[in-house]
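Numbering (UniProt numbering), first residue to last: 1 to 209. Ideal Cβ positions, reconstructed from N, Cα and C, are used throughout, including at glycine. Since this is a predicted model, take the numbers as computed values, not measurements.
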């Protein structure tokens, strides 16, 4: 598969051959959905937590005697019937939302998204993707060469580039990932992708099925 190669000014500089085994993977929406739901579930944290009657404090003594008071009988103020008592069937912190997916299925989902975006001209390969400083303004100007104000952009540099990662954190519609950290969620979240030519080799090596 031949694709165009661009510079950071969005000017065509040549062409590049890409292996079909990695960049020509068939789109499988069901597999992508499965991989996405697994990733989102594994990110989920347990926040809600309640205590049942065995965990709340107090209630060790019977509130009043069984008979003779005219009031309903009670054995403990920990009862769910009491204010401040235990909660019945409430959420607990021991819940586990994690799910699993096979490594090969996850890779196929990632490559399927990349192949689809490449076919729809939503991925552009750059001969060199770099930023000489951490200024957000410089990265914003780079992004303007490839996207409109309503679009979002994911940058994939060839190697660890702290300048790009630092500047991208300050832009709401720009993100940055290493080739080895690609995931279904971020590839779907961002409309356009800028891929460093050197990152192509890393993707082929890391995700080849």
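- If you draw a straight line from the Cα of residue 88 to the Cα of residue 48, it comes to about 14 Å.
- The DSSP assignment places 136-144, 162-168 as complete runs of the alpha helix (DSSP H) inside the segment 125-180, in order along the chain (cut-off: 4 residues).
- In the structure shown, the three-state DSSP call for residue 204 is helix.
- Non-local beta-carbon contacts of residue 135 in its own chain, meaning distances under 8 Å to residues more than five positions away in sequence, involve 167 in chain order.
- The C-alpha of residue 78 lies about 22 Å from the C-alpha of residue 68.
- Positions of the alpha helix (DSSP H) runs, each at least 4 residues long and wholly inside the segment 31-85, cannot be given because no such run exists.
- Partner residues in the beta bridge of residue 17, as assigned by DSSP, are 2.
- Per the coordinates, the alpha-carbon of residue 70 lies some 11 Å from the alpha-carbon of residue 64.
- Residue 193 and residue 200 have their C-alpha atoms roughly 12 Å apart.
- Counting the other CB atoms within 10 Å of its CB gives residue 97 a total below 16, which places it among the exposed residues.
- In this structure, DSSP gives residue 25 a state outside helix and strand, which the three-state scheme calls coil.
- Judged by pairs of C-beta atoms under 8 Å, the segment 178-185 touches the segment 34-47, as three or more such pairs exist.
- Close CB contacts of residue 171 within its chain, under the 8 Å cut and outside five residues either way in sequence, are with 136, 139, 140, 143 (chain order).
- Straight-line measurement puts the Cα of residue 55 at about 59 Å from the Cα of residue 19.
- In this structure, residue 195 lies near residue 125, with their beta-carbon atoms less than 8 Å apart.
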